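Novice: So the sequence shown is numbered by the working numbering: it starts at -1 and just counts up by one.
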Amino acid sequence: MNIKRLFLEQNVGGFDLVIRTILGVVATLALAMNLVKSSPLKWIVALIAFTGLYSSILRHCTPYTMLGINTAKKK
-1 MNIKRLFLEQ NVGGFDLVIR TILGVVATLA LAMNLVKSSP LKWIVALIAF TGLYSSILRH
59 CTPYTMLGIN TAKKK
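#1: On the DSSP letters alone, give me the boundaries of the alpha helix (DSSP H) that residue 74 sits inside.
#2: CA-CA distance, residue 39 and residue 20?
#3: For residue 53, name the three-state secondary structure that DSSP assigns.
#4: Would you report the Cα separation of residue 16 and residue 48, rounded to the nearest angstrom?
#5: With residue 69 as the anchor, note down where its alpha helix (DSSP H) starts and where it stops.
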């Protein structure tokens, strides 16, 4: 498998991109407002926030590449 394709090719777009962004923002706000009380749950919410925002900014999801899924518009 090509390393560049595995880590850099854009494969997230449309509705999927919006959902990832919203989940990342909501999880970040929940952590910032201290709505999550238990420590293990905070780590899970932080992981959701990071992956949601990271994948929406880069428009890339490595598991999508491995599974052959692409929701980005073809050019």
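Glycine included, C-beta positions come from ideal geometry on N, C-alpha and C. Model, not experiment: these values are computed from the prediction.
Specialist: So, from the data block:
#1: What the structure shows of the chain is the stretch from -1 to 73, and residue 74 is not part of that stretch, so it cannot be assessed.
#2: 19 angstroms
#3: helix
#4: 15 angstroms
#5: Per DSSP, residue 69 belongs to no alpha helix (DSSP H) and is neither H nor E.
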